[in-house]
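Let me begin by presenting the structure, written as structure tokens, before commenting on it.
Numbering (full-length UniProt numbering), first residue to last: 1 to 934.
Below you can see the structure in the form of structure tokens.
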């Protein structure tokens with residue numbers, strides 16, 4: 001290939017080349033075969049004859065036009081035939097590139113202007129060609145044009161020119177680019193987009209500047225909006241194309257333009273003032289046309305719209321109206337529209353609107369009215385955003401994922417949900433609305449939000465917010481899904497309570513106050529519901545949710561040792577209506593768990609030092625157990641057994657007078673070490689190889705159990721409370737007070753026998769001969785030891801004695817105590833046992849007076865009375881329940897004293913001992929043995 005640019009022609013040859021070029025280019029029927037030769041001639045003239053440059057470049061235009069026309073026809077006809085002009089274009093490209101590289105300052109401005117103008121004409125002439133319609137996007141246009149060798153060459157030449165002038169005369173090249181863009185927009189946008197990809201920073205800034213100037217000019221000239229829309233679309237198309245690779249460059253340019261518009265420098269010309277005023281409307285229009293530009297503007301918006309920036313915007317807001325047809329509503333609507341289209345940073349927008357609306361300060365505003373107006377506008381925009389979302393969901397039945405702002409809000413749920421506990425009602429109301437709208441499509445959002453409030457709320461206001469959050473969403477569902485009963489009944493609140501309790505159980509929460517808050521809040525909600533004063537709670541969904549989760553609450557109560565936390569759970573249970581067949585689920589596991597849990601709470605109350613709290617807690621226990629045991633027989637059996645076992649043998653027995661249990665520290669030892677202690681000597685004959693001692697191996701001698709240091713009055717109170725709980729477990733259904741069911745209390749007597757008597761033999765009601773006690777001596781001693789170790793047994797015997805004839809079933813315990821008194825007299829035990837038997841009417845008058853006179857008798861007299869009077873009478877008069885009668889409606893049976901008068905042989909010994917002590921008991925003798933003198 002001949003490079004004419006490498007040779008310098010003499011003047012005579014130059015003239016020949018000029019004539020030749022003119023003759024060929026002016027001929028109407030120039031053959032295509034001469035095109036290459038003419039092109040080479042033109043290239044030579046371009047270097048040697050500057051005056052011919054315009055003619056040569058114009059000729060090159062015809063070559064490019066011809067190549068593009070052929071390319072377009074081949075696309076239309078779906079052909080792929082070689083284009084002869086492409087070889088010529090390659091020659092032109094090579095020579096022009098050498099010109100630009102050799103002398104960029106001279107050639108680059110000329111060639112770039114020519115190439116840009118040619119690209120503009122080509123783009124406009126073929127804009128309506130197939131596959132290049134006006135509706136095609138920049139990427140589609142760019143793909144089509146770059147597939148053409150001619151236009152691709154022109155683009156390369158343009159980029160080369162800009163590259164050479166980047167540090168010299170960039171302004172002229174960019175100006176030519178934008179001037180051509182204005183002339184041939186929007187068909188030329190693909191060129192600007194491609195060139196902008198090569199020089200993003202320069203092109204992006206200039207495109208925005210040019211777009212802003214056009215925006216101001218078109219608005220001020222009151223031309224048609226269609227022309228302005230075309231200009232904006234061109235800018236949007238170019239920037240959107242560049243955003244794929246230069247998003248952050250575009251964002252920086254947009255923010256720089258925005259901050260430039262806020263410059264308060266007054267020493268600027270009028271055009272600059274107009275452009276600054278129009279910048280925000282210009283940016284709003286751009287964002288409304290491109291989600292990519294909207295994303296760039298709203299990315300980290302809180303760093304842009306700072307508290308000191310917003311008052312400066314308010315200063316210009318009234319002048320923005322003219323860019324929106326002088327209609328303030330249009331300006332607000334476009335702001336709402338843009339906010340709804342934000343798929344990121346939506347929470348920042350909401351917070352900016354909220355903070356501005358609630359900002360009490362007027363600092364930065366030029367007047368108080370301006371400050372108030374800005375706050376009102378922000379609140380109006382916020383309300384319109386929420387209304388528009390709700391209207392869209394209700395009318396179009398769309399999902400929240402179709403609304404970008406809601407999608408963005410969902411991503412920031414950990415930040416949105418805490419707004420529910422904000423002290424500002426507007427923030428709370430906004431959070432409730434947003435979460436309700438999200439909850440329409442995903443109930444998990446509402447469950448999480450409601451769970452959070454249920455855990456954290458510390459005021460009635462925020463609990464009311466919880467009710468609002470639940471009921472508002474349910475009302476929406478009731479209109480949209482009329483057949484879903486679970487939703488209509490606020491059924492998902494059951495899941496809220498379940499999740500809240502599960503988080504307490506399975507999380508590492510060590511703060512009891514945080515756990516207590518959950519149950520305190522549930523109690524308050526339940527009280528509101530029970531009051532009937534809250535219309536939204538009339539469906540009793542709080543009660544249903546708590547009843548469904550009673551099992552988990554019982555587990556929580558079983559696990560805690562904290563009195564305050566246990567009291568909060570018990571208070572919640574106390575606010576429930578007493579269990580019955582209509583409101584309590586028939587669940588055996590639940591019933592038994594609740595029974596054990598409430599009994600455990602009873603013993604936690606017994607250990608509490610504060611008497612008022614203790615009594616209040618026991619009152620709750622009595623109320624709940626009364627309802628539970630009257631509803632369920634197996635709950636009664638379990639409750640009585642648990643109460644008796646723990647009060648007699650468990651650790652809480654010390655609160656009822658028992659001694660502290662002996663505890664030793666068992667340390668794990670190795671068997672090898674124990675063997676080494678035995679030594680290595682041989683065992684001699686007739687010598688013991690084992691040593692026995694009264695102690696614990698490895699712990700030394702066994703220590704005595706420490707004495708009970710609890711105040712006697714506290715023990716007495718605890719015994720009274722224990723009695724109240726047992727009576728509550730044995731009460732009749734629908735009784736206002738603890739009207740005891742004798743059959744239930746009989747179970748207490750039988751349980752006492754089962755728990756205390758170590759032998760199942762000879763546990764019947766009859767008293768045997770005194771000699772028979774030799775057979776049961778070990779059992780009798782064990783029973784007496786039980787009464788010594790657990791003094792509460794005397795209280796329980798008194799309880800059974802009071803509610804006759806249940807004491808009769810404890811016959812084996814009574815005779816064991818009497819037998820030990822006979823074998824080893826004990827005044828105190830003798831008084832106590834006869835007192836119990838007298839109260840239970842097992843001993844008739846005058847034997848009932850033994851309790852009063854035993855302290856006066858001598859030890860041998862006590863033994864005689866216990867044997868001859870008490871034992872012998874009981875031996876011949878079996879303590880049978882059949883001896884007692886009960887009148888209709890009475891809870892206690894009576895024994896007829898006339899038919900139960902003892903034989904004189906059981907009282908004569910007592911009378912003779914009275915006579916022996918007549919000097920002390922003279923006043924009682926006549927009253928007790930008055931029948932003897934008749």
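Note that the Cβ used here is the ideal one computed from N, Cα and C, for glycine as well. In this text the structure is predicted, and so the values were computed from the model without any measurement.
Asked	Found
beta-carbon residue 196 near the ligand GTP non-hydrogen atom, thresh 7 Å	Absence of the ligand GTP is noted for the structure shown, with no ligands found whatsoever.
Proximity below 8 Å, CB of residue 725 to CB of residue 602	yes
is_contact[residue 289, chain B] using C-beta, thresh 8 Å	In the structure shown, chain B cannot be found, because there is only a single protein chain.
Host alpha helix (DSSP H) of residue 291 (start-end)	291 to 298
Beta-carbon proximity check, residue 506 vs residue 447, cutoff 8 Å	no
Spatially closest choice to residue 464 from 423, 771, 322, 444, by CA coordinates	423
Anticipated Cβ contact below 8 Å, residue 416 with residue 469, distance rounded	Rounded, the Cβ-Cβ distance is 12 Å, inconsistent with contact.
Residue 752 versus residue 834 - alpha carbon distance	18 Å
Contiguous alpha helix (DSSP H) assignments of at least 4 residues, all confined to the segment 811 to 881	811 to 823, 827 to 839, 850 to 853, 859 to 864, 872 to 876
Bridge partner(s) assigned by DSSP for residue 467	DSSP lists no partner for residue 467.
Buried or exposed by the 16-neighbour rule on C-beta atoms within 10 Å, applied to residue 224	Unreliable positioning characterises residue 224 in this predicted model, as indicated by a pLDDT of 49, which lies under 50. The coordinate reading is nonetheless provided below. Burial call: exposed.
Option nearest residue 815 by Cα separation, candidates 456, 879, 62	879
Same chain, Cβ closer than 8 Å to residue 31, five either side skipped, listed in chain order	Its pLDDT being 45, under 50, residue 31 is placed unreliably in this model, and the coordinates cannot settle the point.
Distance, residue 390 Cα to residue 437 Cα	7 Å
Nearest neighbour of residue 817, chosen from 105, 800, 839, 756 [CA to CA]	756
For residue 627, the three-state DSSP class (helix, strand or coil)	helix
Residues near residue 915 in its chain [Cβ-Cβ closer than 8 Å; skip 5 each side]	925
8 Å Cβ cutoff met for residue 333 and residue 241	no
Beta-carbon gap between residue 518 and residue 529 smaller than 8 Å	no
Beta-carbon proximity check, residue 866 vs residue 840, cutoff 8 Å	no
Sequence-distant residues of the same chain with beta carbon closer than 7 Å to residue 286, five excluded per side	232, 235, 236, 293
Collapsed DSSP secondary structure at residue 486 in the structure displayed	Residue confidence is low: residue 486 scores 39 on pLDDT, short of 50, so the model does not pin down where it sits. Its coordinate-derived value is still stated next. Three-state result, residue 486: helix.
Which of helix, strand or coil DSSP assigns to residue 38	helix
Exposed unless 16 or more other CB atoms sit within 10 angstroms - verdict on residue 273	exposed
Distance between residue 188 and residue 320 (C-alpha atoms, nearest Å)	30 Å
Assigned exposure category for residue 268 - 16 Cβ within 10 Å defines buried	exposed
Start and end residues, alpha helix (DSSP H) containing residue 633	633 to 649
Residue 76 versus 104, 47, 42, 126, residue with shortest Cα-Cα distance	126
Segments assigned alpha helix (DSSP H), at least 4 residues, entirely inside the segment 229 to 296	270 to 289
Given residue 611 as reference, the closest of 661, 109, 713 once Cα atoms are compared	713
Neighbourhood of residue 758 by C-beta distance below 7 Å, restricted to the same chain and skipping five residues each side	779, 782
Proximity of residue 624 and residue 549 at Cβ, strictly below 8 Å	no
Cβ neighbour criterion (16 or more within 10 Å) applied to residue 245	exposed
Length of the line joining the Cα atoms of residue 521 and residue 627	24 Å
Residues near residue 805 in its chain [Cβ-Cβ closer than 6 Å; skip 5 each side]	881, 884, 893
Nearest-angstrom beta carbon gap, residue 358 and residue 305 [assumed within contact, 8 Å]	Not really, about 15 Å apart at Cβ, beyond 8 Å.
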